[in-house]
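Peer 1: I have a structure here, written as structure tokens, and I will follow up with some questions on it.
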Amino acid sequence: MTAPADVTAALQSKFPAATLRPSGDHPALNLPVAEARAALKYLRDEFAYDFLVDVTAIDNGVDVTPRFTVVWHVYSTSHHGYVRLAADCANDEAPVAPTVSDLWATANWHERETYDLFGIKFENHPDLRRILMWDGYPYHPLRKDFPLAGIQTPLPDLEVADLTKASVKPAPMMGGPFVASPGEINLTDAEPRAKDESWTERREKPASE
Amino acid sequence: MATEYAFPDNAAKTADAAAQEFQTEKMSLAMGPSHPSTHGVLRLQLELDGEIVTQCDPVLGYLHRGDEKIAENMTYNQFVPYTDRLDYLAPLANNVAYAIAVEKLANLKVPARCEAIRVICCELARISAHLLGLGAYGIDVGAWSVFLYSFEEREKLYKLFEELTGARFTTSYTRIGGVARDVPEGWNDRVGKFCDQFLPILEEILNLLTRNKIFTDRTQDVGVISREDAISYGLTGPNLRGSGVAFDLRKDKPYSGYEQYEFDVPVGTKGDCYDRYLCRGEEMRQSVRIVRQVLKNFPGGSFYAEDARKIFAPRKDKVLTSMEELINNFMIVTEGPQMPAGEVYFEAENPKGALGFFIVSKGGGVPYRMKIRSPSFCNLSILPKVCQGNLVSDVVSILGSLDFVMGECDR
């Protein structure tokens, strides 16, 4: 199968709610989250985008609505084109996205990872457990409100935690000095320095809620 | 009670028939995280019926360092050393993949000489990674001597890397818009010499395995992955090609000038462990072929993009003599190389498969979000399917043939 001349136009005629997404390279579309699964299936079956490269998410910021965007990349092993689809999750508190793990087996682990690091639940996923962090870990570390240094948490093995009274401590270089910020900012703000100075190695971080 | 899996071979069937007499309950076995054949800190939670695996659940995350979180908090150049630690058997290839991804974001074209240096880096890294893969695989299935030969060659490569980058292992060689330094005098000749002496030794190494009865018994028809499964599970690299899919990003989506070089993409026919091994062997020959072509027409000119004044830090002699360059250097070091806002996704054909970087930028010198699509992570996801119904000793063989690196898998 050859590459469709304009895959975005074809998708937009099939899914009228789809809008173009600014992209530096590949064709990219924004979709309502309910249509994402159908669109991916459509791409796979009609345009030979048979290889799911990646499923991931973007946290647009704590105060931004919609907060979470799920991003899919598909690739074609026959005509060598990529397409990027993105969908905003409706609920910022309990974000949900459809699973594609029945279309591509690789999505199983990608979605588990996205759930683990962002807390986005994939509906009908066969086995939505944490994959990189341990079971029972209370946070989703790639969210923007999670500090770089980490948060003090009990050891993965609660029995050992009880016995030893030990816990997982934040990283020693908490808050800096290698912390920089994205975006167009002035030099004073951008200079690498400790951003969160409410706590240091000597003074404990205030206990989390 | 009959078991519900398909028998991979007659040995397993006989073993099972004998086991029916001693019907006991299934056993749970944790293989790893510290086990020689899991090549790092992978844990396989196996459910065993006698010697036969009825269920396999990989447990990851023992080497999770939060590289993606770290990337959101430092400038683009500062992240280069972290890419060394993804696939730590081929750091140079990771450096190159990352640099090209960011350059794509900046819409920056690097000079031909820089591209040529990067191609040599990638291919030498591929040879070095596959040598380790084969050596370790040999040990896994009972062929010790391969390791000794392949590590001698790796040592020679390390010497070349050290001359080029100043480090044997964690090279951190690329910068956004170029490489850290030009090739040293006479280095190209030494790479050429290495290629000349390497090919006969490679044949010797492969001869130790290719027709080795023990090796073929352990690998042929073991861990067969069908073409459809391989695509569905997102396998890339030699693991996908071993299943007969000619997927090679150097051919399909050429980057860094790969379109100029002639090379073949080896594919397997059956998709078993042996085919994956054969693919790696042939890829090393093809890598030598590419390196020789690069050396033959090694371009002159600059090793970094000279027009990228806001991205590539100026040379030290200029920084120390010119006010403007000093300011420029200061800005690049503190604020980071200035990037436009946008999203890019770039994948490079690394030794283990397609290493991808999805970068979301809101401008400035720091990525807003960076997703690393690691080939080992995807390659491992097929383990539950492919291990089921095999003997425990075959799990070792399958693991070795998938040739994964946990540094990259867990990030």
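Here the protein sequences line up with chains L and V, keeping their order.
For the first sequence, my numbering gives the first residue as 2, with consecutive numbering after it.
For the second sequence, my numbering gives the first residue as 1389, with consecutive numbering after it.
We put the CB at the ideal spot given by N, CA and C, even for glycine.
Just so we're clear, the structure is a prediction, and the values are computed from it rather than from any experiment.
Out of L:His-27, L:Glu-160, L:Asp-103, which has the shortest C-alpha to C-alpha gap to Leu-1617 (chain V)?
Peer 2: Against the second sequence, residue 1617 (chain V) aligns to sequence position 229. Residue identity check: residue 1617 (chain V) is Asp in the sequence provided, not Leu. For Asp-1617 (chain V), the nearest C-alpha among the options comes from L:Asp-103.
Peer 1: Please state whether DSSP places Val-1783 (chain V) in a helix, a strand or coil.
Peer 2: The sequence position of residue 1783 (chain V) within the second sequence is 395, counting from 1. If DSSP states are grouped into helix, strand and coil, Val-1783 (chain V) belongs with the helices.
Peer 1: When you compare the CB positions of Val-1679 (chain V) and Glu-1511 (chain V), do they come within less than 7 Å of one another, or not?
Peer 2: On the second sequence, position 291 is the one that residue 1679 (chain V) refers to. On the second sequence, position 123 is the one that residue 1511 (chain V) refers to. For Val-1679 (chain V) and Glu-1511 (chain V), yes; Cβs fall inside 7 Å.
Peer 1: CB Phe-69 (chain L) to CB Ile-152 (chain L), shorter than 7 Å?
Peer 2: Numbered from 1 along the first sequence, position 68 holds the residue referred to as residue 69 (chain L). Numbered from 1 along the first sequence, position 151 holds the residue referred to as residue 152 (chain L). No, these two residues do not count as a Cβ contact at 7 Å.
Peer 1: Buried or exposed: which applies to Gln-1585 (chain V), given that a residue is buried once 16 or more other Cβ atoms fall within 10 Å of its Cβ?
Peer 2: The residue given as residue 1585 (chain V) occupies position 197 in the second sequence. By the 10 Å Cβ count, Gln-1585 (chain V) comes out exposed.
Peer 1: Counting contacts by CB-CB distance shorter than 7 Å, is His-1452 (chain V) in contact with chain L?
Peer 2: The count along the second sequence starts at 1 and reaches residue 1452 (chain V) at position 64. Yes, because at least one Cβ of chain L sits closer than 7 Å to the Cβ of His-1452 (chain V).
Peer 1: Can you confirm whether Ser-1416 (chain V), when its beta carbon is compared against all beta carbons of chain L, has any partner nearer than 7 Å?
Peer 2: Here residue 1416 (chain V) is taken as the residue at index 28 of the second sequence, counted from 1. Taking Cβ atoms only, chain L never reaches closer than 7 Å to Ser-1416 (chain V), which makes this a no.
Peer 1: At a Cβ threshold of 7 Å, is Thr-78 (chain L) touching chain V?
Peer 2: Position 77 of the first sequence, counted from the start, is the residue given in the question as residue 78 (chain L). Cβ-Cβ to chain V under 7 Å: yes for Thr-78 (chain L).
Peer 1: Please list the partners that Asn-109 (chain L) has in chain V, where partner means a Cβ-to-Cβ separation under 8 Å.
Peer 2: Indexing the first sequence from 1 puts residue 109 (chain L) at position 108. Under the 8 Å cutoff, chain V gives Ser-1769.
Peer 1: Measuring alpha carbon to alpha carbon, tell me which of L:Asp-117, L:Thr-78, L:Asn-109, L:Thr-107 ends up nearest Pro-96 (chain L).
Peer 2: Against the first sequence, residue 96 (chain L) aligns to sequence position 95. Residue L:Asp-117 is the option with its Cα nearest to Pro-96 (chain L).
Peer 1: Considering Cα atoms alone, identify which of V:Val-1754, V:Arg-1677, V:Glu-1731 is closest to Asn-1465 (chain V).
Peer 2: Residue 1465 (chain V) sits at position 77 when you count from the first residue of the second sequence. The residue with the shortest Cα to Cα distance from Asn-1465 (chain V) is V:Val-1754.
Peer 1: Using DSSP with H/G/I as helix, E/B as strand and the rest coil, what is Asp-1570 (chain V)?
Peer 2: In the second sequence, the residue the question calls residue 1570 (chain V) occupies position 182. Coil, per DSSP.
Peer 1: State the Cα-Cα distance for the pair Ala-1693 (chain V) and Asn-1483 (chain V), rounded to the nearest angstrom.
Peer 2: As a first step, residue 1693 (chain V) must be located in the second sequence, where it is residue number 305. As a first step, residue 1483 (chain V) must be located in the second sequence, where it is residue number 95. Their backbone Cα atoms lie some 17 Å apart in a straight line.
Peer 1: Out of curiosity, what's the CA-to-CA distance linking Ser-1631 (chain V) and Asp-1660 (chain V)?
Peer 2: By 1-based counting over the second sequence, the position of residue 1631 (chain V) is 243. By 1-based counting over the second sequence, the position of residue 1660 (chain V) is 272. Cα to Cα, the separation comes out at about 7 Å.
Peer 1: By the criterion of Cβ-Cβ separation under 8 Å, what are the contact partners of Asp-55 (chain L) in chain V?
Peer 2: Along the first sequence, read from residue 1 onward, the residue named residue 55 (chain L) stands at position 54. Residues of chain V passing the Cβ test: Tyr-1733, Gly-1744, Phe-1746, Lys-1759, Arg-1761.
Peer 1: Taking C-beta pairs closer than 9 Å, name the residues in chain V that Ile-106 (chain L) reaches, listed in chain order.
Peer 2: Counting from one through the first sequence, the residue named residue 106 (chain L) turns up at place 105. Per the sequence shown, the amino acid found at residue 106 (chain L) is Ala instead of Ile. Neighbours of Ala-106 (chain L) on chain V, chain order: Asp-1617, Ser-1620, Tyr-1621, Gly-1622, Ser-1769, Ile-1770, Lys-1773.
Peer 1: Which residue's Cα is closest to the Cα of Ile-1440 (chain V): V:Val-1429, V:Ala-1405, V:Glu-1460, V:Val-1468?
Peer 2: Mapped onto the second sequence, residue 1440 (chain V) falls at position 52. Minimum Cα distance to Ile-1440 (chain V) is reached at V:Ala-1405.
Peer 1: Can you list the beta strand (DSSP E) stretches of 3 or more residues lying completely in the stretch 80-154 of chain L, in chain order?
Peer 2: Whole beta strand (DSSP E) segments, 3+ residues: 83-89, 97-99, 122-124.
Peer 1: Please check if any C-beta of chain L sits within less than 7 Å of the C-beta of Lys-1641 (chain V).
Peer 2: To locate residue 1641 (chain V), count along the second sequence from 1; it is residue 253. Chain L, which has a Cβ nearer than 7 Å to the Cβ of Lys-1641 (chain V), makes this yes.
Peer 1: For Val-1607 (chain V), report the span of its alpha helix (DSSP H) as first-last.
Peer 2: The residue you call residue 1607 (chain V) lines up with position 219 of the second sequence. For clarity, residue 1607 (chain V) is Thr in the given sequence; the question names Val instead. Segment 1601-1607, the alpha helix (DSSP H) holding Thr-1607 (chain V).
Peer 1: Determine, using beta carbons only, whether Met-1794 (chain V) and Leu-1430 (chain V) come nearer to each other than 7 Å.
Peer 2: Locating residue 1794 (chain V) in the second sequence gives position 406, where the first residue counts as 1. Locating residue 1430 (chain V) in the second sequence gives position 42, where the first residue counts as 1. The answer is yes: Cβ separation under 7 Å.
Peer 1: So if I threshold CB-CB distances at 7 Å, which residues from the stretch 1490-1501 of chain V count as touching chain L?
Peer 2: Listed in sequence order: Lys-1492, Leu-1493.
Peer 1: Comparing the C-beta of Asn-1461 (chain V) with each C-beta of chain L, is any distance below 7 Å?
Peer 2: Position 73 of the second sequence holds residue 1461 (chain V). So, interface residue.
Peer 1: Please say whether Ala-167 (chain L) and Leu-156 (chain L) have beta carbons closer to each other than 7 Å?
Peer 2: Counted from its first residue, the first sequence places residue 156 (chain L) at position 155. Counted from its first residue, the first sequence places residue 167 (chain L) at position 166. Yes, they are a contact pair.
Peer 1: Taking the runs of the alpha helix (DSSP H) that are 4 residues or longer, which of them lie wholly in the stretch 1522-1599 of chain V?
Peer 2: Correct list: 1533-1553, 1575-1598.
Peer 1: I want to verify the contact list: residues of chain L whose CB lies under 9 Å from the CB of Val-1507 (chain V), in sequence order.
Peer 2: The residue you call residue 1507 (chain V) lines up with position 119 of the second sequence. Neighbours of Val-1507 (chain V) on chain L: none; closest Cβ ~20 Å, over 9 Å.
Peer 1: May I ask you to verify whether the stretch 1501-1518 of chain V touches the stretch 1529-1536 of chain V, counting CB pairs closer than 8 Å and requiring at least 3?
Peer 2: At 8 Å Cβ cutoff, the stretches do not touch.
Peer 1: From the DSSP output, in three-state form, read off Val-161 (chain L) for me.
Peer 2: Working through the first sequence from its first residue, we reach residue 161 (chain L) at position 160. DSSP places Val-161 (chain L) in helix when its eight states are reduced to three.
Peer 1: For Val-1633 (chain V), return the contacting residues in chain L, with the cut-off set at a CB-CB distance below 7 Å.
Peer 2: Within the second sequence, the letter at position 245 stands for residue 1633 (chain V). Chain L residues near Val-1633 (chain V): Thr-78.
Peer 1: Taking only runs of the alpha helix (DSSP H) that begin and end inside the stretch 1439-1509 of chain V, which ones reach a length of at least 4 residues, in chain order?
Peer 2: Runs of the alpha helix (DSSP H) inside the stretch 1439-1509 of chain V: 1455-1459, 1468-1472, 1479-1494.
Peer 1: Apart from the five residues just before and just after Gln-1608 (chain V), which ones in its own chain have a Cβ nearer than 7 Å to its Cβ?
Peer 2: On the second sequence, position 220 is the one that residue 1608 (chain V) refers to. Cβ neighbours of Gln-1608 (chain V) beyond the five flanking positions: Asp-1660, Tyr-1662.
Peer 1: Counting along the chain, where does the beta strand (DSSP E) carrying Tyr-1662 (chain V) start and finish?
Peer 2: Translated into the one-based positions of the second sequence, residue 1662 (chain V) becomes position 274. Here Tyr-1662 (chain V) belongs to no beta strand (DSSP E); instead the alpha helix (DSSP H) covers 1661-1684.
Peer 1: Applying the 10 Å Cβ sphere with the 16-neighbour rule, what's the burial state of Ser-14 (chain L)?
Peer 2: Indexing the first sequence from 1 puts residue 14 (chain L) at position 13. Exposed.
Peer 1: Would Leu-1493 (chain V) and Val-1732 (chain V) be called neighbours here (beta carbons separated by less than 7 Å)?
Peer 2: Locating residue 1493 (chain V) in the second sequence gives position 105, counting from the first residue. Locating residue 1732 (chain V) in the second sequence gives position 344, counting from the first residue. In contact: Leu-1493 (chain V) and Val-1732 (chain V) (Cβ atoms closer than 7 Å).
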